[in-house]
DNA sequence: GTCTATAAACAGATAGAC
DNA sequence: GTCTATCTGTTTATAGAC
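Residue numbers (this note's numbering), protein chains in the order written: chain E, 58 to 271; chain G, 58 to 271.
Here it is, written out as C-alpha cells:
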C-alpha cells in the first residue's frame with residue numbers, strides 16, 4: 058500500500074538503522090550525524106553522499122518506517138467477512154497481531170519512538186505516513202467494526218470506537234516506562250505482551266457485544 | 058501531593074511558560090535558549106540568572122508541570138465509596154474530568170507534549186513525576202476499579218484494566234493530529250471532547266459491568 | 001564510494017557595565 | 001535584575017585527496 062518498495066542496502070541501510078534508533082531515542086536535533094555514522098560503522102561524509110544532508114536521512118528513515126509497517130500490514134487478509142461473528146474474530150486476530158508487533162517485535166522497536174516524535178511534531182513525515190498507511194489501516198478496521206456490530210462503516214461513532222480500541226493497545230507501548238514501573242515488571246517481554254493482548258481481546262469482545270445491542 | 062508548592066512569578070514564570078511550550082513542540086535539544094528568551098520577552102542571560110543553565114530551566118518546567126497537575130488532581134474527591142455503583146459513578150466522573158483537562162483545558166495544552174517527550178526519553182524528570190503524581194493517581198483509580206467490580210485493588214488484572222481505560226483517553230490527545238485528520242475535524246475543541254468523553258464513559262460502564270460478571 | 005581536513009554557522013555559558 | 005558583547009565548544013556541510 059506504500060509507494061516506496063525499494064529496500065536500502067549496504068552503508069545506506071546501516072545509516073538508516075542507526076539513525077532510526079538514535080532519532081527515536083534522543084530526537085532528531087539532539088543526534089549528531091557523527092554519532093550516527095559511528096554507530097553505523099561508516100564515515101560522517103557518507104550521510105551527505107547518500108542522503109544529501111541530515112534532513113534527507115530523516116526522510117529516508119520515514120520511508121523505511123513506511124516500508125516496514127507495510128510489510129507487517131501485508132500479512133493480514135484484506136477481505137471483509139460477511140458474518141458479524143467472522144468480522145469480530147478477524148478484528149480480534151488483527152488486534153493480537155498488532156499487539157505482538159507493537160509490544161515485542163524487534164523490528165518494531167526503533168520505529169515506534171521515531172513515529173511518536175514525528176506525530177508530536179506533526180510535520181511532513183506524518184503527512185506521508187498518515188496517507189499511505191494510517192488512514193487505510195483505520196478504514197479497514199472501521200469496515201470490520203461495522204461488519205461486526207451492524208453499524209455504519211464511516212459513522213463518527215464507528216471511527217471513534219476504532220481509535221478507542223487502538224488507543225488501548227498503543228498506550229501500553231507509548232507509556233511503557235510508566236507501565237513497567239507500576240506493574241513491577243523487569244521488562245515488557247513476550248509473556249507480558251500475551252497478558253496484555255488477552256486482556257485487550259476480551260475488552261474488544263465486550264465492546265462489540267455491547268455495540269450490537271444498541 | 059507534589060512537594061513543590063511555589064508558583065513562579067515575573068520573568069521566571071514567563072521563561073518557564075515559553076520553555077514548556079517550545080520544549081513540548083520542538084524538543085529540548087532543538088530549542089535554542091535565545092528563542093525561549095525572545096518568546097518570553099526576556100534576555101538570554103536571564104535564563105542563567107534564574108535557573109543556572111538550560112538544564113535547570115528544564116527542571117523548573119518539570120516542577121511547574123507537577124504543580125499544575127497537582128492543582129487539577131486536588132479537585133477530585135479522595136474518599137473511596139463503599140458501594141460498587143458509587144465507585145463506578147465516581148470513576149466515570151474522574152474520567153470525564155480528565156477528558157476535559159487533557160483534551161481541551163488551555164493550561165494542559167503545553168504540559169502534555171512536554172510530558173510525552175519526557176516519558177519517551179525516560180529520564181530523571183519522569184522519575185520525579187511518576188512517583189509524585191502518576192503512581193498515586195493510578196493507585197487511586199485501581200482502588201475505585203476494585204470497589205466497582207469486586208476485584209482486588211492491586212491485582213495484576215486490575216492495574217492493567219486501569220491502564221486500558223486511561224490509554225483509551227490519552228491516545229485521543231497523543232494521536233490528536235491523526236484523529237483530527239481521520240475525523241475530518243477542524244480542531245479538537247469542547248464539542249469534540251464531549252463526544253469523546255461520552256463514548257469513553259460508555260466504554261467504562263461496559264467494561265465494569267463485564268468485569269463484575271466474572 | 002570512502003575518507004580527512006576544514007570552513008562557516010550556531011549553540012550555551014559568562015564577564016562585566018548599568 | 002537586566003542587558004550587551006564575547007568566549008569556547010560543537011555542529012553541519014563541503015572541498016578535495018585517494
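Note that the Cβ used here is the ideal one computed from N, Cα and C, for glycine as well. Since the structure is predicted, the reported quantities are computational estimates derived from the model, not experimental observations.
Nonlocal neighbours in the same chain, by C-beta distance under 8 Å from residue 176 of chain G, ignoring five residues either side: Along the second chain, read from residue 1 onward, the residue named residue 176 of chain G stands at position 119. Annotation for residue 176 of chain G: 183 place their beta carbon closer than 8 Å to its own, counting only its chain and skipping 5 residues before and after.
Compile a chain-ordered list of the residues in the stretch 158-172 of chain E whose CB is closer than 7 Å to at least one CB of chain G. Identification of residues in the stretch 158-172 of chain E having a C-beta nearer than 7 Å to some C-beta of chain G yields 170, given in sequence order.
Run through DSSP, which three-state label would residue 67 of chain E get? The count along the first chain starts at 1 and reaches residue 67 of chain E at position 10. Residue 67 of chain E falls in the helix class under three-state DSSP.
Would you check if the stretch 124-144 of chain G and the stretch 221-236 of chain G touch, i.e. whether three or more CB-CB distances between them fall below 8 Å? No: fewer than three Cβ pairs fall under 8 Å.
From G:200, G:99 and G:136, pick the residue whose C-alpha is nearest to that of residue 211 of chain G; which is it? Your numbering for residue 211 of chain G matches position 154 in the second chain. Nearest Cα to residue 211 of chain G within the set G:200, G:99 and G:136: G:200.
Three-state class that DSSP yields for residue 178 of chain E in the structure shown: Along the first chain, one-based indexing puts residue 178 of chain E at 121. If DSSP states are grouped into helix, strand and coil, residue 178 of chain E belongs with the helices.
With a cut-off of 9 Å, does the C-beta of residue 264 of chain E fall near any C-beta of chain G? The residue labelled residue 264 of chain E in the question sits at position 207 within the first chain. Against chain G, the CB of residue 264 of chain E has a partner CB under 9 Å away; the residue lies at that interface.
is_contact[residue 246 of chain G, chain E] using C-beta, thresh 9 Å: For this step, residue 246 of chain G is matched to residue 189 along the second chain. Output row for residue 246 of chain G: interface = no.
Once the 5 residues before and after residue 161 of chain G are set aside, which same chain residues still bring their CB inside 8 Å of it? Translated into positions along the second chain, residue 161 of chain G becomes position 104. A distance below 8 Å between beta-carbons, with the five flanking residues on each side excluded, links residue 161 of chain G to the following residues of its chain, in chain order: 245, 246, 247 and 250.
Burial state of residue 260 of chain G (16 or more Cβ within 10 Å): What you label residue 260 of chain G is simply residue 203 of the second chain in a count that begins at 1. Residue 260 of chain G is buried by the Cβ-count criterion.
State buried or exposed for residue 119 of chain G, treating a residue as buried only when at least 16 other CB atoms are found within 10 Å of its CB. Within the second chain, residue 119 of chain G is the residue found at index 62, counting from 1. Residue environment analysis places residue 119 of chain G among the buried positions, since at least 16 neighbouring C-beta atoms fall within 10 angstroms of its C-beta.
Going by beta carbon distance, what residues of the same chain come within less than 7 Å of residue 155 of chain E, once the five residues before and after it are set aside? By 1-based counting over the first chain, the position of residue 155 of chain E is 98. Once the five neighbours on either side are set aside, the close Cβ partners of residue 155 of chain E are 226.
For residue 166 of chain G, the three-state DSSP class (helix, strand or coil): Locating residue 166 of chain G in the second chain gives position 109, counting from the first residue. Residue 166 of chain G carries a coil assignment under DSSP once its states are collapsed to helix, strand and coil.
Pair every Cβ in the stretch 188-208 of chain E with every Cβ in the stretch 230-239 of chain G, then say whether three or more of these pairs are closer than 8 Å. Yes, they touch.
Comparing the C-beta of residue 252 of chain E with each C-beta of chain G, is any distance below 9 Å? The residue given as residue 252 of chain E occupies position 195 in the first chain. At least one CB atom of chain G sits nearer than 9 Å to the CB of residue 252 of chain E.
Which value, in whole angstroms, describes the spacing of the CA atoms of residue 96 of chain G and residue 133 of chain E? What you label residue 96 of chain G is simply residue 39 of the second chain in a count that begins at 1. What you label residue 133 of chain E is simply residue 76 of the first chain in a count that begins at 1. Roughly 48 Å separates the two Cα atoms.
Cβ pair residue 264 of chain E, residue 223 of chain E closer than 9 Å: As a working mapping, residue 264 of chain E is identified with position 207 in the first chain. As a working mapping, residue 223 of chain E is identified with position 166 in the first chain. In this structure, residue 223 of chain E does not lie closer than 9 Å to residue 264 of chain E by Cβ.
When the Cα of residue 169 of chain E is compared with those of G:168, G:257, G:164 and G:178, which residue comes out closest? What you label residue 169 of chain E is simply residue 112 of the first chain in a count that begins at 1. Checking every option, the nearest Cα to that of residue 169 of chain E belongs to G:178.
Hey, how far is the Cα of residue 242 of chain G from the Cα of residue 232 of chain G? Position 185 of the second chain, counted from the start, is the residue given in the question as residue 242 of chain G. Position 175 of the second chain, counted from the start, is the residue given in the question as residue 232 of chain G. Residue 242 of chain G and residue 232 of chain G: Cα-Cα distance of roughly 13 Å.
If you measure beta-carbon to beta-carbon, which residues of the stretch 188-222 of chain E are closer than 8 Å to chain G? The residues in question are 191, 192, 195, 213, 214, 216, 217, 218, 220 and 221.
Report all residues from its chain with a CB closer than 8 Å to the CB of residue 216 of chain G; omit the five preceding and five following residues, and keep chain order. Sequence index remark: in the second chain, residue 216 of chain G carries index 159 (1-based). Close CB contacts of residue 216 of chain G within its chain, under the 8 Å cut and outside five residues either way in sequence, are with 195 and 199 (chain order).
What's the call for residue 83 of chain E, buried or exposed, on a 16-neighbour Cβ count within 10 Å? Translated into positions along the first chain, residue 83 of chain E becomes position 26. It counts as buried.
If distances are taken between C-alpha atoms only, which option among G:131, G:77 and G:137 comes closest to residue 113 of chain G? For the purposes of this step, residue 113 of chain G is taken as the residue at position 56 of the second chain. The shortest C-alpha separation from residue 113 of chain G is found at G:77.
Is there at least one Cβ from chain E nearer than 9 Å to residue 132 of chain G's Cβ? The residue labelled residue 132 of chain G in the question sits at position 75 within the second chain. No, because no Cβ of chain E sits closer than 9 Å to the Cβ of residue 132 of chain G.
Out of G:99, G:256 and G:220, which one is the CA nearest neighbour of residue 257 of chain E? Counting from 1 along the first chain, the entry for residue 257 of chain E is found at position 200. Considering only alpha carbons, the answer is G:220.
Closer than 9 Å to chain G by CB, residue 236 of chain E: Taking the first residue of the first chain as position 1, residue 236 of chain E is located at position 179. With respect to chain G, the C-beta atom of residue 236 of chain E has a partner C-beta closer than 9 Å.
Cβ pair residue 103 of chain G, residue 94 of chain G closer than 9 Å: Residue 103 of chain G sits at position 46 when you count from the first residue of the second chain. Residue 94 of chain G sits at position 37 when you count from the first residue of the second chain. Going by C-beta atoms, residue 103 of chain G is nearer than 9 Å to residue 94 of chain G.
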